[in-house]
Amino acid sequence: MVSKADCTGAGGPCKLRVNNIVKSEFDKREYRGLELQNGMKVVLISDPTTDKSAAALDVNIGYLCDPKELPGLAHFCEHMLFMGTETYPAENEYNKFLSEHSGYSNAYTSADHTNYHFEVSPDHLEKALDIFSKFFICPLFEAGSTEREVNAVNLEHDKNIPNDTWRLDQLDKSTCDPNHDYNRFGTGNKETLDTIPKSKGMNVRDELLKFHDKWYSSNIMGFAILGKESLDDLEKMVADKFKDVKNKNVKTPVWNTHPYGKDQLKTKTYVTPVKDLRSLLVTFPIPDLQDQHKSGPDSYLAHLIGHEGPGSLLSELRKRSWCNSLVGGPRHGAKGFAFFTVTVDLTLDGIEHADDIVELIFQYMKLLHDEGPQEWIFNEYKELLDIEFRFKEKEKPSSYVSYLCPNLFLYPLEEILVGTYMLTEYKPDLIRDLLDRLTPENMRLAVVGKQFEPKCDQTEPWYGTKYTREKLSDEQLKKFENVTSNSAFHLPQPNEFIATDFTLLATDSDIAPHPTIMYNSPLIRAWLKQDDEYKVPKLNASFEFISPYAYLDPECTNMTHLFISLFKDALNEYSYDAKLASLGWDLNNTKYGMMLNISGYSHKQSVLLSKVLDKLVEFSKNIDPKRYEIIKEQYARGLKNFEAEQPYQHAIYNISLCLFERAWSKTDLMESLDGITREKLSEFANELLSKMFIEALIHGNANKEIAMGIVKMLEEKLQTQLKTKPLLPSQVLRFREIKLPNSKCSVLSQVLRFREIKLPNSKCS
Numbered sequence: 002m003v004s005k006a007d008c009t010g011a012g013g014p015c016k017l018r019v020n021n022i023v024k025s026e027f028d029k030r031e032y033r034g035l036e037l038q039n040g041m042k043v044v045l046i047s048d049p050t051t052d053k054s055a056a057a058l059d060v061n062i063g064y065l066c067d068p069k070e071l072p073g074l075a076h077f078c079e080h081m082l083f084m085g086t087e088t089y090p091a092e093n094e095y096n097k098f099l100s101e102h103s104g105y106s107n108a109y110t111s112a113d114h115t116n117y118h119f120e121v122s123p124d125h126l127e128k129a130l131d132i133f134s135k136f137f138i139c140p141l142f143e144a145g146s147t148e149r150e151v152n153a154v155n156l157e158h159d160k161n162i163p164n165d166t167w168r169l170d171q172l173d174k175s176t177c178d179p180n181h182d183y184n185r186f187g188t189g190n191k192e193t194l195d196t197i198p199k200s201k202g203m204n205v206r207d208e209l210l211k212f213h214d215k216w217y218s219s220n221i222m223g224f225a226i227l228g229k230e231s232l233d234d235l236e237k238m239v240a241d242k243f244k245d246v247k248n249k250n251v252k253t254p255v256w257n258t259h260p261y262g263k264d265q266l267k268t269k270t271y272v273t274p275v276k277d278l279r280s281l282l283v284t285f286p287i288p289d290l291q292d293q294h295k296s297g298p299d300s301y302l303a304h305l306i307g308h309e310g311p312g313s314l315l316s317e318l319r320k321r322s323w324c325n326s327l328v329g330g331p332r333h334g335a336k337g338f339a340f341f342t343v344t345v346d347l348t349l350d351g352i353e354h355a356d357d358i359v360e361l362i363f364q365y366m367k368l369l370h371d372e373g374p375q376e377w378i379f380n381e382y383k384e385l386l387d388i389e390f391r392f393k394e395k396e397k398p399s400s401y402v403s404y405l406c407p408n409l410f411l412y413p414l415e416e417i418l419v420g421t422y423m424l425t426e427y428k429p430d431l432i433r434d435l436l437d438r439l440t441p442e443n444m445r446l447a448v449v450g451k452q453f454e455p456k457c458d459q460t461e462p463w464y465g466t467k468y469t470r471e472k473l474s475d476e477q478l479k480k481f482e483n484v485t486s487n488s489a490f491h492l493p494q495p496n497e498f499i500a501t502d503f504t505l506l507a508t509d510s511d512i513a514p515h516p517t518i519m520y521n522s523p524l525i526r527a528w529l530k531q532d533d534e535y536k537v538p539k540l541n542a543s544f545e546f547i548s549p550y551a552y553l554d555p556e557c558t559n560m561t562h563l564f565i566s567l568f569k570d571a572l573n574e575y576s577y578d579a580k581l582a583s584l585g586w587d588l589n590n591t592k593y594g595m596m597l598n599i600s601g602y603s604h605k606q607s608v609l610l611s612k613v614l615d616k617l618v619e620f621s622k623n624i625d626p627k628r629y630e631i632i633k634e635q636y637a638r639g640l641k642n643f644e645a646e647q648p649y650q651h652a653i654y655n656i657s658l659c660l661f662e663r664a665w666s667k668t669d670l671m672e673s674l675d676g677i678t679r680e681k682l683s684e685f686a687n688e689l690l691s692k693m694f695i696e697a698l699i700h701g702n703a704n705k706e707i708a709m710g711i712v713k714m715l716e717e718k719l720q721t722q723l724k725t726k727p728l729l730p731s732q733v734l735r736f737r738e739i740k741l742p743n744s745k746c747s748v749l750s751q752v753l754r755f756r757e758i759k760l761p762n763s764k765c766s
């Protein structure tokens, strides 16, 4: 039902109410959409069972609206809003109240959005909301807070400087059209928000007030709230708190000109990373396709280009030992423009064949051109999205409201929950049109690797990233344009893992409220908890394979990790369809052995589990030599790259070294890696699986008969095919943690050795 009557009668604060918001089948929350008289769009979520309440407000502008002479002002405004209001002038009033009532807050600034959100104990939602609402009605922006928050912004930027993701993102911006707003430094730092403005006689606080006054308007704000209160009570609360936010009738900017002009296309950029990374990025400018979300031409192409099954681009690259992983798909720029990027994680051999990989990418696109759009593929992808939405799981309150806010600008109020999953209009012409844009003439390449450092003679001004850029030659472009068909490529087969039976099994009236042991043998102890709470057709099965060899010493630990990584690598192609169908599996090493998890819809889970177990029992005899070398090098690189992680990661890691009874350091692992060979790993894998104890937990849509079938299948495969013997009870022991002395303070200090990153003089000076 949609009502255009005022929510509170004539002259009330609400001019539109929407009660027919489409929600997923098992979502017990109640929803209502509103538009206040001041133009603010609102979604209310009533959940009487919630243990936390949450709210979020999204302003439909971001750092692309920064004044050109003040990079980072939108981000700085985000920081300053927390620094007190006329009603609550104390700087820390907001965060103090939240921390005292089991809550927290956060915010972020993106290219075209600024998002504020908080979480709090349900009984204190209204007071928290009152404090929060005043940020958008009567902020103080005290001069005394300005310097401290400039320093906070600067520290945030300093933290990001060694991060390769941030560095590559900014390099993309800094090398685009210099006259485009995308060519900005969105984070800001002390130089852009203090030093340079002062040198030009600018008052940053005055500029901040102008920015807030210009852009912070209720008609471009979206608000989401989740609480235990009824919808009517939430509506009254929101209308009362936000009715005084001013409507300045701001028109949201749209950037219809793309930041990649002709001077930025047909280029190849070599980049030196901080970590030892190797990657290839192939990026194409595309229009903003958000208004085509129901036909999803970008999603269709991403589904195929990023596919990991037989006949895919990734499959061929892995066969050539050039690639570890590949991701392809759209990336939002801002309102009016977007990108389509194929990112390839390269092997040592792959980085030497970057141009050959680009040629293969265009060969795969030729396949898509020749085959044309396929309605059955569109319908299959639509079915996957329909199932995902139908059985959507409950999200954390703060994450949920923060995610929903931007949707208020993208979809009608009725569709704010389902909009992301709504694929209802097959439009092959749009797919063809988008594919026609993915051409060599309309492309930027970037190759990332340590080996390019000697040739990288340019420096990005904000992060100090070393790079060099060159135009692609006519010869290279012709090579990419005139690709021939490649017989290795073909479209995916229909996905056999898509569930069709969503029947819920009947539960016994006396079902136990907690897991109970249903099977106990010397080899396996299995626990069962049939779901009687969530009542969805999903099943989670976890198996901990306990082996004394897994963590015996650093070398054994390395071999356990390598065995698992190679095993997952070998099964990737087969299991990709299962992953698409929300039927997941994972195998990870632990201090006690290996943890196998299978999760998803119960209908076809046994098929996947059987295949995983079949592969496990035969895998040690068939370790591929090329993949072994690639995975081992990748693992060694990961150990080495830990040195460049942020300090808090080192703190967490070192705490575990101090407190665990048995723990191997990264140095221990690196020093014991060289002696491992493929033959030695194969022998170790047999030993690892020869004697074990398995602790299993099956939870979800399964009764004792089904669960017992799963356990018996596992036991039979281990005993008959691997000849696995059980451990003695005394061997199934857990490591202890070290008890620190009472009334004593223990301090561990570590000096981190980061590569010095020199920043050039600012281009703003």
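Here this note's numbering is used: the first residue of the sequence shown is 2, the next is one more, and so on. Every residue, glycine too, gets a C-beta built ideally from N, C-alpha and C.
Starting from the C-beta of residue 449, find all residues in its chain whose C-beta is less than 6 Å away, skip the five residues before and the five after it, and write them out in chain order. 272, 274, 278 and 280
Measuring alpha carbon to alpha carbon, tell me which of 298, 672, 26 and 43 ends up nearest residue 405. 43
What residues match up with residue 342 in a beta bridge as DSSP calls it? 284 and 330
Endpoints, beta strand (DSSP E) assigned at residue 527: 525-531
Proximity below 7 Å, CB of residue 578 to CB of residue 496: yes
Measure the alpha-carbon distance for residue 297 versus residue 436 and round it to whole angstroms. 13 Å
Verify whether the separation of the beta carbon atoms of residue 698 and residue 528 is less than 7 Å. yes
Neighbourhood of residue 295 by C-beta, 8 Å cutoff - its chain only, sequence neighbours within 5 removed: 423, 424, 425 and 426
If you draw a straight line from the alpha carbon of residue 9 to that of residue 127, how long is it in whole angstroms? Because residue 9 carries a pLDDT of 45, less than 50, the predicted location of this residue cannot be relied on, and the following value inherits that uncertainty. Near 19 Å, if we compare the C-alpha coordinates of residue 127 and residue 9.
Report the partner residues of residue 173 according to the DSSP bridge assignment. Answer is none; residue 173 lacks a bridge partner.
Please go through the stretch 453-493 and give each complete alpha helix (DSSP H) segment of 4 or more residues, from N-terminal end onward. 475-482
Skipping 5 residues on each side, what residues in its chain have a beta carbon closer than 8 Å to that of residue 51? 123, 227, 228, 229 and 398
For residue 717, count neighbouring Cβ atoms within 10 angstroms of its own Cβ and tell me buried if that reaches 16, exposed if not. exposed
Give me, in chain order, the residues of the same chain whose beta-carbon lies closer than 6 Å to that of residue 587; leave out the 5 immediate sequence neighbours on both sides. 598
Three-state secondary structure assigned by DSSP to residue 167: helix
Quick one: what does DSSP say residue 66 is sitting in, helix, strand or coil? helix
Nearest to residue 776 by alpha carbon, out of 192, 515, 97 and 517? Any question about residue 776 goes unanswered here, given that the chain covers just 2 to 766.
Three-pair Cβ contact test at 8 Å for the stretch 280-291 versus the stretch 439-458: yes
Is residue 138 helix, strand or coil by DSSP? coil
Outcome for residue 507 when other beta-carbon atoms lying within 10 angstroms are tallied against a minimum of 16: exposed
Nearest candidate by alpha-carbon position, reference residue 467, set 92, 163 and 373: 163
Nearest-angstrom Cα separation, counted from residue 534 out to residue 154: 45 Å
Can you give me the Cβ contacts of residue 327 inside the same chain, cut-off strictly under 8 Å, excluding the 5 residues immediately before and after it? 307, 309, 314, 315, 318, 343, 344, 345 and 346
Are the CB atoms of residue 58 and residue 224 nearer to each other than 7 Å? yes
Are the stretch 601-613 and the stretch 487-504 touching by the rule of at least three beta carbon pairs closer than 8 Å? yes
Extent of the continuous beta strand (DSSP E) to which residue 105 belongs: 105-110
Let me check one thing: in DSSP terms, what residues is residue 632 bridge-paired to? Per DSSP, none; premise fails for residue 632.
For the beta strand (DSSP E) holding residue 590, just list the boundary residues, first then last. 585-590
When the Cα atoms are used, what is the spatial distance from residue 462 to residue 232? 50 Å
Leaving aside the five residues before and after residue 584 along the sequence, list all residues of the same chain whose C-beta is less than 7 Å from its C-beta, in chain order. 498, 601, 602, 605, 606 and 609
My parser needs the alpha helix (DSSP H) runs of 4 or more residues fully inside the stretch 686-743; what are they? 705-722
Residues in the same chain with beta-carbon distance under 6 Å from residue 287, minus the five sequence neighbours each way, listed in chain order, please. 339, 341 and 438
Could you spell out the range, first to last residue, of the beta strand (DSSP E) harbouring residue 596? 594-602
Please identify the residue among 492, 241, 675 and 253 whose C-alpha is closest to the C-alpha of residue 636. 675
Would you say residue 199 and residue 184 are within 7 Å of each other, going by their C-beta atoms? no
When we look at the beta-carbon of residue 680 and count the other beta-carbons within 10 Å, is it buried (16 or more) or exposed? exposed
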